[in-house]
Amino acid sequence: MKSKKIAIVLLSLMMVLSVLAACSKNNNNTNTPSNTNQNSNNSSQPTASTNEGNEGGFQDYSNGFPENVTIEIPVYDRAFEGWNVADNYYTRWIQKEFGDKYNVTVKYVPISRSNEVQDFQQLLAAHKAPDIIFHYDMPQQIAYYSEGVLQPIDWAEIENYAPTYWGNLGDTIEQYGIINDEKIFFYADRPSADNFVSLIRKDWVEKVGMKVEDLTSLEKYNEMLVKWKEAGLGVLGGTLTRNNFNYNYAFRDWPIDAKDRALYSDLSIADFTSVATERWLKNLNYQYNNGLIDREFYLRDDENKAKAEFVAGRTGTFGSYLTSNSDVIAATLANNPEAEFAVIPPYAGVPEGLKPQGRAYWPFGFIMGINYETPELERIAIWMFLEWMSQPDNLFFLQNGVEGENYTIDSDGIAIRNADFEGESVLSLNNNKDYWALVIETQLYDDPEINRKAQIRNWAPVGYEYLAEDLIKYYEETAEFRTPDALFTEVVETVSEYKADLNELFQELYIKVATAPEDQFDKLYEEAKQTYLDAGYQEILDEKQEIIDRGNFR
Numbered sequence: 003m004k005s006k007k008i009a010i011v012l013l014s015l016m017m018v019l020s021v022l023a024a025c026s027k028n029n030n031n032t033n034t035p036s037n038t039n040q041n042s043n044n045s046s047q048p049t050a051s052t053n054e055g056n057e058g059g060f061q062d063y064s065n066g067f068p069e070n071v072t073i074e075i076p077v078y079d080r081a082f083e084g085w086n087v088a089d090n091y092y093t094r095w096i097q098k099e100f101g102d103k104y105n106v107t108v109k110y111v112p113i114s115r116s117n118e119v120q121d122f123q124q125l126l127a128a129h130k131a132p133d134i135i136f137h138y139d140m141p142q143q144i145a146y147y148s149e150g151v152l153q154p155i156d157w158a159e160i161e162n163y164a165p166t167y168w169g170n171l172g173d174t175i176e177q178y179g180i181i182n183d184e185k186i187f188f189y190a191d192r193p194s195a196d197n198f199v200s201l202i203r204k205d206w207v208e209k210v211g212m213k214v215e216d217l218t219s220l221e222k223y224n225e226m227l228v229k230w231k232e233a234g235l236g237v238l239g240g241t242l243t244r245n246n247f248n249y250n251y252a253f254r255d256w257p258i259d260a261k262d263r264a265l266y267s268d269l270s271i272a273d274f275t276s277v278a279t280e281r282w283l284k285n286l287n288y289q290y291n292n293g294l295i296d297r298e299f300y301l302r303d304d305e306n307k308a309k310a311e312f313v314a315g316r317t318g319t320f321g322s323y324l325t326s327n328s329d330v331i332a333a334t335l336a337n338n339p340e341a342e343f344a345v346i347p348p349y350a351g352v353p354e355g356l357k358p359q360g361r362a363y364w365p366f367g368f369i370m371g372i373n374y375e376t377p378e379l380e381r382i383a384i385w386m387f388l389e390w391m392s393q394p395d396n397l398f399f400l401q402n403g404v405e406g407e408n409y410t411i412d413s414d415g416i417a418i419r420n421a422d423f424e425g426e427s428v429l430s431l432n433n434n435k436d437y438w439a440l441v442i443e444t445q446l447y448d449d450p451e452i453n454r455k456a457q458i459r460n461w462a463p464v465g466y467e468y469l470a471e472d473l474i475k476y477y478e479e480t481a482e483f484r485t486p487d488a489l490f491t492e493v494v495e496t497v498s499e500y501k502a503d504l505n506e507l508f509q510e511l512y513i514k515v516a517t518a519p520e521d522q523f524d525k526l527y528e529e530a531k532q533t534y535l536d537a538g539y540q541e542i543l544d545e546k547q548e549i550i551d552r553g554n555f556r
């Protein structure tokens, strides 16, 4: 199926190239979009190619396409209240500043953050998918590739039409962009930072005679939860585990074994049979049976549902990305003005004797591929769009908004948010990240010290800078215990074959085991493991082992 689709795509491209060659054979003085504002992080940038002396013979579109080209860009819809992800001040600004300049219509396609794979699959099946297919995790992107829905790309074409973008990401693309000897993926940059945070009601911790600093192990954490229950305060927040399967890191032995990690670590397929997962489930079962966790955690299938429990004061913990304009703290204070907040120490979820392990990111954010149905001109327009967004002035505007409205500049050159601004140019609740994440995962200043100050200001609501400071402190303290998942350099065919069914089965089985009476845990877990293995997981493990034995993984 895959080879047939790619063959069709290549044939179509050859036909288009033939037509273009006939139409433009007398137009030899070509240039790519201007690059007058180079990214300061890359002092040496590739020079835009021209037809003259260029084997590729790339057509010049620096003055715009002769006929309108429409590009469809996916954007996460996080259900922010009052925010239209496809039509707002910034999408209109993008159309005006980029689209109108190059005769390109930029259309945004909303993708549910909590159901993104399902959304993409449905759009692909209906032949209505956007030109970029993205995901944060390589296993899912490889699954798309194995389904034949991504087309091969030409690195020279990217460098020609997006020299700044290529200067920033070219090395990463060359290192990680090949699968089965085909050039498929391109990326957004990921500086070493992470603003995901697990918040806890500090006032609840102190009401039961403890301090946040006392939460040095899972055992201490559970001890605190028992005290919360006895005091009638509330319970641990919980959500349905699905799609991103990184739940058992804190329950793994240390140091890791690289081959075991390659066998079991996979964000797209749940590991249900390892010792680490058994430990995780055993603890979840204990918390459920002892009334320490939200008893309907499996119904909280998106962030807003979990947030509602926290805001209402029924749960005392909540995990989300920390941003300066996040509304969770203000909403909680509206219900309980006495509420206090802290960052849960990373040690709190770790059984005694183990280490605070976590999943390290690869050196890229979004992993992107071009839709196999995207024609040449739209693909070129995508490269030009990434080039335009890579220009520091454009990127800064998308990240910060309008000076004097959304922010002011301090003496360090840092944009200081106006937290009270509610005008037309107000940013989304994650600082517009879902638009500019196509080129970089987090905001970045050149000077490390200034960048640290900026992170604190960008991540923390006013008055809660200490949350960002603690987040950074813990991130640095646990750096040695973060390891990336293995990256296979060939397709694990069985993952695509069984992924959908196994993910559905995992939800059924893990909820059944987690909510079972404690005295039935061992029996039910053994039965569930065998059911999962028989449903295809054993075949995945066998195929992965063969690839590992060949050494085709990083």
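The numbering used here numbers the first residue of the sequence shown as 3 and each following residue consecutively.
Where is the CB? At the ideal position from N, CA and C, for every residue including glycine.
All values reported here derive from a predicted model rather than from experimental measurement.
Within the same chain, show all residues whose beta-carbon is closer than 6 Å to that of Tyr527, passing over the 5 residues directly before and after it, in chain order. Val515
Residues bridged to Leu238 [DSSP beta-bridge criterion]: Ile295
Residues of its chain near Val119, where Cβ-Cβ distance is below 8 Å and the 5 sequence neighbours each way are ignored: His137, Gln142, Asn245
Skipping 5 residues on each side, what residues in its chain have a beta carbon closer than 8 Å to that of Val18? Because the pLDDT of Val18 is 37, which lies under 50, any placement of that residue in the model is unreliable, and the question is left without a value.
Expected contact under 8 Å - CB spacing of Thr93 and Tyr78 to nearest Å: With 8 Å as the limit, Thr93 and Tyr78 do not qualify as a contact, their Cβ atoms being about 13 Å apart.
Status (buried if at least 16 other CB within 10 Å, exposed otherwise) for Ala308: buried
Between Ser148, Leu152, Ala127, which lies nearest to Ile135 when the distance is taken from Cα to Cα? Leu152
Excluding five sequence neighbours on each side, which residues of the same chain lie with their C-beta closer than 8 Å to the C-beta of Ser116? Asn245, Asp303, Asp304, Glu305
Would DSSP call Leu152 helix, strand or coil? strand
Three or more C-beta pairs below 8 Å linking the stretch 211-218 and the stretch 230-249: no
I'd like the ranges of any alpha helix (DSSP H) spanning at least 4 consecutive residues and lying wholly in the stretch 423-474. 435-438, 450-461
Within 10 Å of its beta-carbon, does Lys139 have 16 or more other beta-carbons around it, so buried, or fewer, so exposed? Reading off the sequence, residue 139 comes out as Asp, not Lys. It counts as buried.
I need the straight-line Cα distance from Ser382 to Ile144, nearest angstrom please. In the sequence on display, residue 382 carries Ile and not Ser. Whole-angstrom Cα-Cα distance: 23 Å.
Any heavy atom of the ligand COA inside 7 Å of the beta-carbon of Ser267? Here there are no bound small molecules, and the ligand COA is not part of this structure.
Counting only the same chain and skipping the five closest in sequence on each side, list residues whose C-beta sits under 8 Å from that of Phe399. Trp95
Thinking C-beta only, is Ser219 closer than 8 Å to Val352? yes
C-alpha gap between Ile549 and Leu543, whole angstroms: 10 Å
Taking Cβ positions, are Ala272 and Phe508 nearer each other than 8 Å? yes
Using 8 Å as the limit for Cβ to Cβ distance, is Glu161 near chain C? Protein chains in the displayed structure number just one, and chain C is not present.
Segment limits, beta strand (DSSP E) that includes Asp79: 71-79
Helix, strand or coil: which one does DSSP assign to Glu354? coil
Do Ile202 and Gly101 have their C-beta atoms within less than 8 Å of each other? no
Within the stretch 329-390, note down every full alpha helix (DSSP H) run reaching 4 residues or more, in order along the chain. 330-337
Assuming contact is defined by CB atoms lying nearer than 8 Å, are Thr334 and Phe299 in contact in what I supplied? no
Three-way DSSP call (helix, strand, coil) for Leu217 in this model: coil
Please classify Asp191: does DSSP put it in a helix, a strand, or coil? strand
Indicate whether the contact test is met: 3 or more Cβ pairs, each with one atom in the stretch 462-470 and one in the stretch 395-413, closer than 8 Å. no
Taking a contact to mean a Cβ-Cβ separation below 8 Å, would you say Asn432 touches Tyr323 in this structure? yes
Check whether the stretch 446-461 touches the stretch 356-371, counting contact only when three or more Cβ pairs, one atom from each stretch, lie closer than 8 Å. no
How would you call Asp536, buried or exposed, if buried means at least 16 neighbouring beta carbons within 10 angstroms? exposed
Any idea what DSSP makes of Phe100, helix, strand or coil? helix
When the Cα atoms are used, what is the spatial distance from Gly538 to Ala530? 13 Å
Quick check on this structure: which residue in Ile181, Phe187, Asn182 has the alpha carbon closest to the alpha carbon of Gly172? Phe187
Please go through the same chain and pick out, in chain order, the residues whose beta-carbon is closer than 7 Å to the beta-carbon of Ala417, but skip the five residues on each side of it. Asn402, Tyr409, Ile411
If you reduce the DSSP assignment to three classes, tell me which class Leu526 lands in. helix
What is the rounded straight-line gap between the Cα of Asp551 and the Cα of Ile181? 18 Å
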